[in-house]
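Student: Have a look at the structure that comes next, please.
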Amino acid sequence: MVTKAAIGVDLGGTNVRVVLGSKEGKIIAKISEPTEKSKGPTGVSEQIIRLIISLIEERINLRDIEGIGIGSAGPLDIKSGALMRPTHLPFEYVPLVKPLEEKFGLPVILLNDCVAAVLGEKYFGIGGDHENLVYVTISTGIGGGVYVDGHLLIGKDGNAHEIGHFTIDYEGRLTCGCGKKGHWEAYCSGSGIPNYARLIIEGDKFKNARKGPLMEAYKSGKLTAKAVYDCAKVGDDLAEIIVEKIGELNAIGFACVTDAYDPSLITVGGSVTLNNPSLVIDPIRRYIKEHARNRVPEITLTPLGEDIVLYGALASVFYLSR
Ligand SMILES: [Zn+2]
Numbered sequence: 000m001v002t003k004a005a006i007g008v009d010l011g012g013t014n015v016r017v018v019l020g021s022k023e024g025k026i027i028a029k030i031s032e033p034t035e036k037s038k039g040p041t042g043v044s045e046q047i048i049r050l051i052i053s054l055i056e057e058r059i060n061l062r063d064i065e066g067i068g069i070g071s072a073g074p075l076d077i078k079s080g081a082l083m084r085p086t087h088l089p090f091e092y093v094p095l096v097k098p099l100e101e102k103f104g105l106p107v108i109l110l111n112d113c114v115a116a117v118l119g120e121k122y123f124g125i126g127g128d129h130e131n132l133v134y135v136t137i138s139t140g141i142g143g144g145v146y147v148d149g150h151l152l153i154g155k156d157g158n159a160h161e162i163g164h165f166t167i168d169y170e171g172r173l174t175c176g177c178g179k180k181g182h183w184e185a186y187c188s189g190s191g192i193p194n195y196a197r198l199i200i201e202g203d204k205f206k207n208a209r210k211g212p213l214m215e216a217y218k219s220g221k222l223t224a225k226a227v228y229d230c231a232k233v234g235d236d237l238a239e240i241i242v243e244k245i246g247e248l249n250a251i252g253f254a255c256v257t258d259a260y261d262p263s264l265i266t267v268g269g270s271v272t273l274n275n276p277s278l279v280i281d282p283i284r285r286y287i288k289e290h291a292r293n294r295v296p297e298i299t300l301t302p303l304g305e306d307i308v309l310y311g312a313l314a315s316v317f318y319l320s321r
């Protein structure tokens with residue numbers, strides 16, 4: 000018998016995932032579908048409504064649900080409860096809060112996915128003893144969620160701490176998806192790593208002498224973040240050099256996070272990290288001291304894995320003061 004339950008939604012560009020979970024962080028049921036992009040912006044909320052209905056059907060009474068939390072990639076317009084020209088959906092404006100509130104008569108909380116994630120870490124992960132913690136995702140992009148002095152940082156529109164757009168290369172050799180040059184995400188995210196790897200290879204004076212699987216991938220135009228890390232795992236020299244250089248830049252990003260927010264814990268997730276935890280995190284730990292003025296916090300892999308946004312969406316219903 001469930002006493003207190005909530006709905007958590009992780010709205011991604013590829014999949015939308017919905018869970019029913021308890022106040023203790025137990026996921027009772029889960030459902031996932033490819034994100035609906037062919038029926039216009041209202042198709043997204045209609046899909047979420049349909050998934051919620053099928054999830055709660057015969058499991059729980061609507062009156063036993065406290066609310067619905069949504070974590071989504073931004074940018075958000077928190078005042079109107081919608082997404083504004085989101086990076087992961089092909090629409091100008093995607094209303095989310097109002098259609099769900101009207102359908103279910105429950106409170107609906109919309110948060111940036113990384114902001115939700117840090118709440119998940121705080122309440123259902125390893126952040127319980129920390130009043131100052133940051134969650135960093137290194138995935139297709141780089142993002143963060145920040146919890147300081149016992150409060151979640153949100154910002155005027157819900158877009159505080161866009162840490163992936165910190166400038167970590169003042170020469171601006173690579174251009175970010177946002178259009179500016181030199182941003183962290185342009186070098187070290189899943190979509191940026193191939194460009195950064197190409198930049199390193201093309202500036203490498205031993206380029207012509209190098210052999211190995213990563214050089215082959217470069218020559219055949221198949222350079223991906225996965226190829227870089229997979230080749231490093233089997234001892235490819237060039238891949239090891241690139242992984243180290245990515246680590247140096249990640250350490251600059253983490254040093255900025257450390258000096259901006261002074262956390263006692265930074266947890267790291269996102270597909271690039273989850274697939275290559277030590278290759279991503281070890282170099283950050285090695286290089287961060289060269290850049291951070293503040294005391295370096297504990298930096299560790301999140302135990303919540305790819306479900307962290309869902310845990311955060313649940314936590315937002317139970318623990319975010321409204
Ligand atoms: Zn940027």
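Residues in the sequence shown are numbered consecutively from 0, following numbering that gives the first Met the number 0. Glycine included, C-beta positions come from ideal geometry on N, C-alpha and C.
1) On the criterion of 16 or more Cβ atoms from any shown chain inside 10 Å, does residue 0 qualify as buried, or is it exposed?
2) Between which two residues does the alpha helix (DSSP H) holding residue 121 run?
3) With a CB to CB cut of under 6 Å and the five nearest residues on each side skipped, what residues in its chain are close to residue 270?
4) Do residue 178 and ligand 1 come close, with the Cβ less than 8 Å from some heavy atom?
5) Would you kindly work out how many angstroms separate the C-alpha atoms of residue 205 and residue 175, rounded to a whole number?
6) What are the start and end residues of the alpha helix (DSSP H) that includes residue 246?
7) Is the distance from the Cβ of residue 14 to the Cβ of residue 37 below 9 Å?
8) Could you tell me which whole alpha helix (DSSP H) segments of length 4 or greater appear in the segment 126-209?
9) Just list the residues that DSSP pairs residue 83 with in beta bridges.
10) Leaving aside the five residues before and after residue 323 along the sequence, list all residues of the same chain whose C-beta is less than 6 Å from its C-beta, in chain order.
11) Work out the CA separation of residue 136 and residue 7 for me, nearest whole Å.
12) Please state whether DSSP places residue 265 in a helix, a strand or coil.
13) Would DSSP call residue 1 helix, strand or coil?
14) Do the segment 96-116 and the segment 63-70 meet, that is, are 3 or more Cβ pairs less than 8 Å apart?
15) Quick check: does the Cβ of residue 160 come within less than 8 Å of any heavy atom belonging to ligand 1?
16) What's the C-alpha gap between residue 98 and residue 156?
17) Quick one: what's got a C-beta closer than 8 Å to residue 41's C-beta in the same chain, skipping five residues either side?
18) Can you round the beta-carbon distance between residue 339 and residue 129 to whole angstroms, since I take them to be within the 8 Å contact cut?
Tutor: Let's see:
1) Summary for residue 0: the model assigns pLDDT 48, below 50, so the residue's position carries little reliability; its value from the coordinates is reported in the next sentence. The residue in question, residue 0, is exposed, as its Cβ has fewer than 16 Cβ neighbours within 10 Å.
2) 112-123
3) 138
4) yes
5) 28 Å
6) 236-260
7) no
8) 183-187 and 192-201
9) 92
10) One cannot answer for residue 323 here, as it falls past the ends of the chain, which runs 0 to 321.
11) 19 Å
12) strand
13) A caution first: residue 1 carries a pLDDT of 48, below 50, which makes its placement in the model unreliable, though a value can still be read off. Here residue 1 sits in coil by DSSP.
14) yes
15) no
16) Going from the Cα of residue 98 to the Cα of residue 156 covers about 19 Å.
17) These residues qualify, in order along the chain: 94 and 98.
18) Shown here, the chain extends from 0 to 321; a query on residue 339 therefore has no answer.
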